[in-house]
Amino acid sequence: MEIVKVLLRQLLQTPATNKFPAKYAPKSTIQFLDKVKKGKLRLIPPIPVPPKFRGKILYDREKCTGCQLCLKVCPTKAIEFIPEEKKVKIFVARCCFCAQCNDICPTNALSMTDEFLLSSYDKYADELVVTK
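So that you can map any letter, position 55 of the sequence shown is 46 in our numbering, and since no number is skipped, the others follow by simple counting.
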């Protein structure tokens, strides 16, 4: 019977967390918001990220030689090679941020940024697929 009381009490309480997108952020965090392209809001981290932080992957197409070593070492198969263009496509939604692709790349065409707020309702959204 005790569990029923706890369950009913929790059902009637307001949620303890906020919805993720920045548009739902509480007014107390407005100072950490920044407008980016297309009128979207982006959360600025209140503290700097540590050195060697493994955030969203960055791909420099000019440095890439098309050796495909990153494909072979990627444990989640988040990297796909496009032979016609001799470039890679990285699906950030599949990435486990292990940075093995960065370590093996002979030309340093891959690197990790400090961007960590990568949630999206669409796993194939433009911001979650890196090809440039």
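Think of the CB as a built atom: it goes at the ideal place given N, C-alpha and C, for glycine as much as any other residue.
- Take cysteine 58, set aside five residues on each side of it, and the residues of its chain with a beta-carbon closer than 7 angstroms to its own are Pro97, in chain order.
- Counting along the chain, the unbroken beta strand (DSSP E) around lysine 80 starts and ends at 78 to 82.
- Beta-bridge pairing by DSSP links methionine 103 to Ile48.
- Of the candidates Glu(-7), Phe107, Phe72, Lys68, Lys68 places its Cα closest to the Cα of cysteine 86.
- Nearest Cα to alanine 100 within the set Leu108, Val79, Asp113: Val79.
- In terms of CA proximity to serine 111, Val83 leads the group Arg45, Phe72, Leu(-2), Val83.
- When the beta-carbon positions are compared, cysteine 92 and cysteine 65 come within less than 8 angstroms of each other.
- The three-state secondary structure of valine 64, taken from DSSP, is helix.
- For the pair methionine 103 and arginine 52, the CB atoms are not nearer than the 8 angstroms cut-off.
- Considering only Ile48, Asp94, Leu3, Met(-8), the residue with the shortest C-alpha distance to leucine 109 is Ile48.
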